[in-house]
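Read through the structure below, which is laid out as structure tokens, and then see the notes.
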Amino acid sequence: MGSHPTAIEPAGLTERTGILHPREGDPARTEAYLPSPCVQNHAANIAVLGNGDLATVWFGGTQEGIPDISVYFSRLAKGSDRWTVPQKLSDDGTRSEQNPILFPTPSGDLWLIWTAQISGNQDTSMVRKRVSRDHGVTWGPIETLFEAPEGFGLFVRQPPVVLDDGAWVIPVFHCVSVPGAKWVGDRDISAVRVSADEGRTWTEHVVPHSLGCVHMNVLKTKEGLLALYRSRWADFIYLSRSADGRIWSAPEATVLPNNNSSIQATVLADGRIALVFNNSSNKDATDRRTGLYDDIEDDSAPVASASPAVSPEPTGRTAFWGAPRAPLTLALSADGGRSWPVVRNLEVGDGYCMTNNSKDGLNREFSYPSITQTPDGMLQIAFTYYRRAIKHVRVAPDWAQAD
């Protein structure tokens, strides 16, 4: 990866018009770079709205951890070939607002859920929400959805799931700090928050032995519920299963690598699972960072003085930061995530991510994918492109088999 990157202007950055167009040399693939006023754009989530429109949310601003990071929303109206100019939906001048997700509820409301932290301290994070009753045209007030004790920040990344019994499940992960030290991810654990009354009250159920497994992605398959996880150790994607959405098996490593970066999967209409991930791990790294926010100067929030009441025991392992965030790969499984015989790269490159710096054009990652399937059968994928733009790619599932 190298320790002295060269600033590179990514292809498409000057073309952030939001217009969908065929990819040169691959007419079966359509893509667009979403418009944005921000230097940095990261952590997209894409969803089909109740009116048939497609929407994407992400966070944008100067740099992750800086208080000017806010949530943005853009729409691709049904039948349109152009994403709208984004709408800014949060603006807290004291916190970095990150990891937005969209949740079209069974009642027809649209929830926006996101995190808000002090500087680069994820152990200070709370979870916020806004609700729209007109498919994201207008929004209600900003509210606090979940708070957490000091030193035990609460984060989201993956969309909620409605269980067969009607309960809502939001996957969360706790960013747990070590007393006397700043958060680096060594003790993060996963859990689910479950509501049986459409989000008015919640109970938490911790995933056993989930230390280092985060970004829990819950999927409803024909065999029951499964969850896929990002690994803080940058070794493998992990998987666990549940019969009721509340009690989960301990996560176990799959055959797929992970680089301590986000993944996302969706269950297709034909029952297969489509997953987008970085096909790399710590084995592909030539260097490593000490933490995610190494290059944030204003990182002055106090370190935790005591452990939270519920805290995992230290293992001596440390989170691995800096593994390449490339290639970005689409994989298909027809056996409930046990094997992934169909794999094709969406983007290739060196995936340099030793810095989050976007202003100087140093980061070259393809990361934080989000995927859904629209009623026409097409896969809709949004992801970070060099931390400078959010890219949207549209392909048929069988595109992955054509390589």
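Note that the numbering used here has the sequence shown beginning at 1118, numbered continuously upward. Glycine included, each C-beta is placed from N, C-alpha and C at the ideal position. These figures come from a predicted structure and were not determined experimentally.
A contact is defined here as three or more CB-CB pairs under 8 Å, and the region 1285–1296 meets this definition with respect to the region 1308–1325. Lys1246 carries a strand assignment under DSSP once its states are collapsed to helix, strand and coil. DSSP places Trp1319 in the coil class of the three-state scheme, outside both helix and strand. The DSSP-derived three-state label of Asp1515 is helix. For Asp1452, the closest alpha carbon among the candidates Tyr1503, Arg1504, Arg1389, Ile1507 is that of Arg1389. The three-state reading of DSSP puts Lys1400 in helix, counting H, G and I together. Boundaries of the beta strand (DSSP E) harbouring Tyr1189: 1187–1193, taken from the DSSP string. Judged by beta-carbon spacing, Gly1253 lies within the 8 Å limit of Leu1166, meaning their Cβ atoms are closer than that value. Between the alpha carbons of Ile1183 and Ala1233 lies a distance of about 11 Å.
Taking a cut-off of 8 Å for Cβ pairs, the region 1509–1520 and the region 1461–1469 touch, as three or more such pairs fall below it. Of the candidates Thr1211, Met1471, His1291, Gly1142, the residue whose Cα lies closest to the Cα of Val1273 is His1291.
If only complete runs of 4 or more residues are kept, the region 1240–1291 shows no alpha helix (DSSP H) anywhere. With respect to Phe1353, Ala1370 sits close: the two C-beta atoms are nearer than 8 Å. For Glu1132, the secondary structure class from DSSP, reduced to helix, strand or coil, is helix. The beta carbons of Ser1153 and Tyr1189 sit about 7 Å from each other, so the pair counts as a contact at 8 Å. By the 16-neighbour rule on beta-carbons within 10 angstroms, Lys1205 is exposed. Counting along the chain, Glu1464 sits inside the beta strand (DSSP E) bounded by residues 1459–1464. A straight line joining the alpha-carbon of Leu1280 with that of Thr1446 spans about 29 Å. Arg1199 carries a strand assignment under DSSP once its states are collapsed to helix, strand and coil.
Taking the Cα positions, Ser1378 is about 26 Å away from Ala1519. In the DSSP assignment, Met1471 falls outside any beta strand (DSSP E), carrying neither H nor E.
With a cut-off of 8 Å on Cβ pairs, the region 1262–1269 is not in contact with the region 1327–1345, counting fewer than three such pairs. The beta carbon of Ser1249 sits closer than 6 Å to the beta carbons of Leu1227, Trp1256 from its chain, once the five residues preceding and following it are set aside; these are given in chain order. Counting only runs of 3+ residues, the beta strand (DSSP E) found wholly inside the region 1152–1188 occupies 1157–1165, 1171–1178, in chain order. With 16 or more other Cβ atoms from the protein chains shown falling within 10 Å of its own Cβ, Gly1237 counts as buried. For the pair Ile1186 and Gln1157, the Cα-to-Cα distance works out to about 9 Å. For Asp1198, same chain residues with a beta-carbon under 7 Å away, outside a window of 5 residues either side, are Ile1136, Leu1137 in chain order.
For Ser1397 against Ala1436, the beta-carbon gap comes to about 16 Å, at or over 8 Å, which does not count as contact. In the displayed model, Asp1143 falls within a strand according to three-state DSSP.
Cβ-Cβ distances below 7 Å link Arg1481 to Ile1125, Gly1466, Asp1467, Gly1468, Tyr1469, Tyr1503 in the same chain, with the five nearest sequence neighbours on each side left out; the list follows chain order.
With contacts defined by Cβ atoms closer than 8 Å, Gly1268 and Asp1305 do not form a contacting pair. Ser1366 carries a coil assignment under DSSP once its states are collapsed to helix, strand and coil. For Val1309, the enclosing beta strand (DSSP E) covers residues 1306–1312.
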